[in-house]
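Student: What follows is a structure written as structure tokens; I'll ask about it next.
Right under this line is the structure:
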């Protein structure tokens, strides 16, 4: 469990980026936690604090009950427990061949070569990119690079995986694959923390949410608690997911994802009957 | 990414051992600096052909690689072989100039040409090595010859930054050009100054992001 106690953070004095953030990640059985907020609201800064790359200017962070130790050994341990994938894949890929880059973190841990090969193969398999293993990075698409960047952290087998804006810049297919990938990882027991302002994406994959506005948590909770309050979302420069809009505007049931909506045979039948009615009226 | 990388990863010799390629390069250097001139000519033709064969590159494309170095090479040779003297003696085709004679020095001409041949041989061999050896293999080679870790790391980071730097340069330049920043000399000067300033700033920002990414992958100051 990761616990934040009254975290403040500022790059410059008197210009706080994060203000008094207290929360517990992984306390309520939620395995996919989403931080939602508009641009420049401190999501990435919060993530950098979580992995010890930035040190809070106030408050403290406890991981499994122990405060983070900001020495080399402590940080090394922390980063094996919490892996982070940044938004810009290009800047996280250091080697020119996929398998070399994915193995990078394991080499840094001095893991034996045959174990590295095994782990790399397994992760590439899991992310469905085994066919890219020997490929030079420059031939990959944006979505593929994103997967390679994620693979490079997944090999660490960390308990938590932080993904900063994982869908930014992806095309619809890339985004769909990202959703599938995250669901696949969750099914394998990976705990994930996401940040994004892609409301539909977050609604689809996360099971617990924090809404950030100007460095503060203004709301947290599960789907129903967070997304039904339209005014709050608009005030936070966000929007409701379309499934929630359907629920509120057209009084359809609140579906957890679009698969559930399209699988609702009862609704399809009702709509068909309504269509027949209109047709007979017109006729 | 740079085209040098593309060739290095997709050439016919990519599977060769880096040590072998390193040794061949060293052999090329020995040929370039040994005194028997015809051997250098043979080496240039042979190695250039091997490079084009390995990288599937046309002669025209291959020549483009020399654009960057030919001006330097020509300037150096011109600087060496042209001379000015008080008498016509020792000068091919002397041209009288301000009471002196200007022309090609008889003594320096062979020296200049020899130097040109030497440099060209060395460059052709180095291109062969650079275009057939991926960076990963170069690092292995540097390690195999036991160069200091610090130097290897620095080489690696410099190589990483080339991409970031060139990319940033192109983006800024394009944005400036689109807004007519290079319309005349005065504006071009101003725009290049801004470009330099922005590059400097961006390199800092990028560097910070890179350090974060390296930290996330538990990098401890040594590429393994």
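Chains as they are written, first to last, in the UniProt record's numbering: chain X, 1 to 283; chain C, 1 to 224. Ideal Cβ placement from N, Cα and C applies to all residues, glycine included.
1) I'd like to check one pair, residue 142/C with residue 152/C: are the Cβ atoms closer than 7 Å?
2) What's the gap between the Cα of residue 102/X and the Cα of residue 181/X?
3) From the DSSP output, read off the bridge partner residues of residue 66/X.
4) Quick check on the DSSP output: what are the complete beta strand (DSSP E) runs of length 3 or more inside the region 6 to 30 of chain X, in order along the chain?
5) For residue 1/X, count the other beta carbons within 10 Å of its own beta carbon; 16 or more makes it buried, fewer makes it exposed. Which is it?
6) Pick out whichever of 25/X, 49/X, 232/X and 272/X has its Cα sitting closest to the Cα of residue 212/C.
7) Going along chain C, which residues have a C-beta under 9 Å from residue 76/X?
8) Can you tell me whether residue 231/C is buried or exposed, with buried defined as 16 or more other CB within 10 angstroms of its CB?
9) Nearest chain X C-beta to residue 136/C closer than 7 Å, yes or no?
10) Using the beta-carbon of each residue, which ones in chain C are nearer than 8 Å to residue 48/X?
11) Considering only their Cβ atoms, is the gap separating residue 80/X from residue 156/X smaller than 7 Å?
12) Leaving out the 5 sequence neighbours to the left and right, which residues in its chain are closer than 6 Å to residue 255/X when beta-carbon positions are compared?
13) Please give me, in chain order, every unbroken run of the beta strand (DSSP E) with length at least 3 that falls completely inside the region 192 to 277 of chain X.
14) For residue 25/C, name the three-state secondary structure that DSSP assigns.
15) Counting C-beta neighbours from all protein chains within 10 Å, is the total for residue 231/C 16 or more, i.e. buried, or is it exposed?
16) Would the region 4 to 13 of chain X and the region 47 to 64 of chain X be scored as touching if the rule is three or more Cβ pairs under 8 Å?
17) Going by C-alpha to C-alpha distance, which of 166/C, 173/C and 84/C sits closest to residue 97/C?
18) Please decide whether residue 100/X counts as near chain C, where near means a Cβ-Cβ distance under 7 Å.
19) Given a cut-off of 7 Å, decide if residue 94/X and residue 86/X are closer than it, judged by their beta-carbon atoms.
20) Taking the alpha helix (DSSP H) that residue 100/X falls in, what are its first and last residues?
21) Looking at residue 190/X: is its Cβ nearer than 7 Å to the Cβ of residue 163/X?
22) Measuring only the C-alpha atoms, how far is residue 181/C from residue 195/C?
23) For residue 266/X, count neighbouring C-beta atoms within 10 Å of its own C-beta (all shown protein chains included) and say buried if the count is 16 or more, exposed if not.
24) Which two residues bound the contiguous alpha helix (DSSP H) that contains residue 161/C?
25) In terms of DSSP beta bridges, what is residue 84/C paired with?
26) DSSP on residue 94/C, reduced to helix/strand/coil?
27) Ends of the beta strand (DSSP E) at residue 36/X?
28) Look up residue 136/X in the DSSP assignment and say whether it is helix, strand or coil.
29) For residue 71/X, does the count of other Cβ atoms within 10 angstroms reach 16, so buried, or fall short, so exposed?
30) Can you give me the C-alpha to C-alpha distance between residue 134/C and residue 117/C, rounded to a whole angstrom?
31) Residue 79/X versus chain C: which residues are under 9 Å apart at the beta carbon?
32) Which value, in whole angstroms, describes the spacing of the CA atoms of residue 120/X and residue 217/C?
33) Any idea what DSSP makes of residue 289/X, helix, strand or coil?
34) Taking 7 Å as the threshold (beta carbon to beta carbon), is residue 96/X in contact with chain C?
35) For residue 280/X and residue 153/X, I'd like the C-alpha separation in whole angstroms.
Tutor: The structure says:
1) The residue given as residue 152/C occupies position 152 in the second chain. The residue given as residue 142/C occupies position 142 in the second chain. Closer than 7 Å, so yes.
2) Numbered from 1 along the first chain, position 102 holds the residue referred to as residue 102/X. Numbered from 1 along the first chain, position 181 holds the residue referred to as residue 181/X. Going by the C-alpha atoms only, they are around 17 Å apart.
3) The sequence position of residue 66/X within the first chain is 66, counting from 1. Bridge partners of residue 66/X: 63/X.
4) 15 to 25
5) Here residue 1/X corresponds to residue number 1 of the first chain, with the count starting at 1. Under this definition residue 1/X is an exposed residue.
6) Within the second chain, residue 212/C is the residue found at index 212, counting from 1. Residue 49/X is the option with its Cα nearest to residue 212/C.
7) The residue you call residue 76/X lines up with position 76 of the first chain. Ordered by position in chain C, the residues that pass the 9 Å Cβ test against residue 76/X are 218 and 220.
8) A query on residue 231/C cannot be resolved here, the shown segment of chain C reaching from 1 to 224 and no further.
9) As a position in the second chain, residue 136/C is number 136, starting the count at 1. Yes, residue 136/C lies at the interface with chain X (some Cβ there is under 7 Å from its Cβ).
10) For the purposes of this step, residue 48/X is taken as residue 48 along the first chain, with counting starting at 1. What residue 48/X touches in chain C: 212.
11) Position 156 of the first chain holds residue 156/X. Position 80 of the first chain holds residue 80/X. Yes; because the gap between Cβ atoms is below 7 Å, this pair is in contact.
12) Along the first chain, one-based indexing puts residue 255/X at 255. Here the set comprises 243 and 261.
13) 208 to 213 and 216 to 221
14) Position 25 of the second chain holds residue 25/C. In this structure, residue 25/C counts as helix in the three-state DSSP scheme.
15) One cannot answer for residue 231/C here, as it falls past the ends of chain C, which runs 1 to 224.
16) yes
17) Mapped onto the second chain, residue 97/C falls at position 97. Cα-wise, what sits closest to residue 97/C is 84/C.
18) Start at 1 with the first residue of the first chain, and residue 100/X comes out as number 100. At least one chain C Cβ lies under 7 Å of residue 100/X.
19) For the purposes of this step, residue 86/X is taken as the residue at position 86 of the first chain. For the purposes of this step, residue 94/X is taken as the residue at position 94 of the first chain. No, Cβ-Cβ distance for residue 86/X and residue 94/X is not below 7 Å.
20) For the purposes of this step, residue 100/X is taken as residue 100 along the first chain, with counting starting at 1. Residue 100/X -> alpha helix (DSSP H) spans 98 to 108.
21) In the first chain, residue 190/X corresponds to position 190, counting from 1. In the first chain, residue 163/X corresponds to position 163, counting from 1. No, these two residues do not count as a Cβ contact at 7 Å.
22) In the second chain, the residue the question calls residue 181/C occupies position 181. In the second chain, the residue the question calls residue 195/C occupies position 195. Going by the C-alpha atoms only, they are around 10 Å apart.
23) Indexing the first chain from 1 puts residue 266/X at position 266. Result: exposed.
24) The residue you call residue 161/C lines up with position 161 of the second chain. Run containing residue 161/C: 149 to 178, per the alpha helix (DSSP H) assignment.
25) Here residue 84/C refers to the residue found at position 84 of the second chain. For residue 84/C, which the question treats as bridged, DSSP gives the partners 102/C.
26) As a working mapping, residue 94/C is identified with position 94 in the second chain. Strand.
27) Your numbering for residue 36/X matches position 36 in the first chain. Here the beta strand (DSSP E) through residue 36/X covers 32 to 36.
28) For this step, residue 136/X is matched to residue 136 along the first chain. Strand.
29) Taking the first residue of the first chain as 1, we reach residue 71/X at position 71. The residue is exposed, with fewer than 16 neighbouring Cβ atoms inside 10 Å.
30) The count along the second chain starts at 1 and reaches residue 134/C at position 134. The count along the second chain starts at 1 and reaches residue 117/C at position 117. Distance between the alpha carbons of residue 134/C and residue 117/C is about 27 Å.
31) Counting from one through the first chain, the residue named residue 79/X turns up at place 79. Going along chain C in sequence order, the residues near residue 79/X (Cβ under 9 Å) are 215, 216, 217 and 218.
32) By 1-based counting over the first chain, the position of residue 120/X is 120. By 1-based counting over the second chain, the position of residue 217/C is 217. Distance between the alpha carbons of residue 120/X and residue 217/C is about 14 Å.
33) In the structure as shown, chain X begins at 1 and stops at 283. Residue 289/X is therefore absent and cannot be evaluated.
34) Counting from 1 along the first chain, the entry for residue 96/X is found at position 96. Yes, residue 96/X counts as interfacial toward chain C.
35) On the first chain, position 280 is the one that residue 280/X refers to. On the first chain, position 153 is the one that residue 153/X refers to. Distance between the alpha carbons of residue 280/X and residue 153/X is about 60 Å.
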